[in-house]
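Structure first, commentary second.
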Amino acid sequence: MRERVMPWRDAAVGGLGLAAMLAAPAAATAEALLPKDIQATFFDGRSFTATTPSGVSFEMVFDADGTMRRKPVTKDGSKGEGTWTLDADGFCTTWKGHKTSCFKVLPAGPNAWAVMKGPTLKATWSK
């Protein structure tokens, strides 16, 4: 019986999902980034990767003017546009057609940050 060889893309997505799951415990003990640090690190018009706990990855761009956009890197997911603002604890997003949601960002390892909504990991950002 031959073993199935996983294509590189599937392996990469699986690895990102694993990284997201491993980031959650580390994030739970880390101090959240201040809103000004979130803005300086991510909201500068340069792209970064967001990966959901289920392994869906997006190229994200948050512009300094308060707009944002995403496009899927994996076969799942959909493009989106919206706006962002800072709040006292982190940041909030409003994607077109959706309600506003607010998040905290916590360090989760080298070049990785956990995006948390309350105690729930929503995504892992990487640069």
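Positions -26 to -1, 1 to 101 (mature numbering (1 follows the signal peptide of the UniProt record, and there is no 0)) are the ones given, in order, by the sequence shown. Note that CB positions come from ideal geometry on N, CA and C, so glycine has one too.
Buried versus exposed, by CB contacts within 10 Å (16 or more), residue i
i	result
Ser31	buried
Ala97	buried
Arg44	buried
Gly40	exposed
Ala38	exposed
Gly71	exposed
Thr67	buried
Alpha-carbon spacing of residue i relative to residue j, whole angstroms
i	j	result
Gly92	Ala14	22 Å
Leu7	Lys49	31 Å
Phe16	Ala82	15 Å
Gly29	Lys53	16 Å
Val47	Thr25	9 Å
Trp87	Leu80	5 Å
Leu95	Glu5	15 Å
Gly(-12)	Glu55	Note that Gly(-12) scores 46 on pLDDT, short of 50, meaning its location in the model is unreliable; the coordinates nonetheless yield the value given after this. If you take the alpha carbons of Gly(-12) and Glu55, they lie about 27 Å apart.
Beta-carbon spacing of residue i, residue j below 8 Å
i	j	result
Lys73	Asp63	no
Thr59	Phe65	yes
residue 115	Ser100	For residue 115 there is no data in the structure shown, the boundaries of the chain being -26 and 101.
Gly51	Val35	no
Asp61	Pro27	no
Extent of the continuous beta strand (DSSP E) to which residue i belongs
i	result
Lys78	Ser75 to Pro81
Val35	Ser31 to Phe36
Pro46	Thr41 to Pro46
Lys96	Thr94 to Ser100
Ala24	Phe22 to Thr25
Glu55	Gly54 to Leu60
Run of the alpha helix (DSSP H) containing residue i, from where it starts to where it stops
i	result
Phe9	The residue you asked about is not Phe; residue 9 is Pro in the sequence shown. Residues Pro9 to Phe16.
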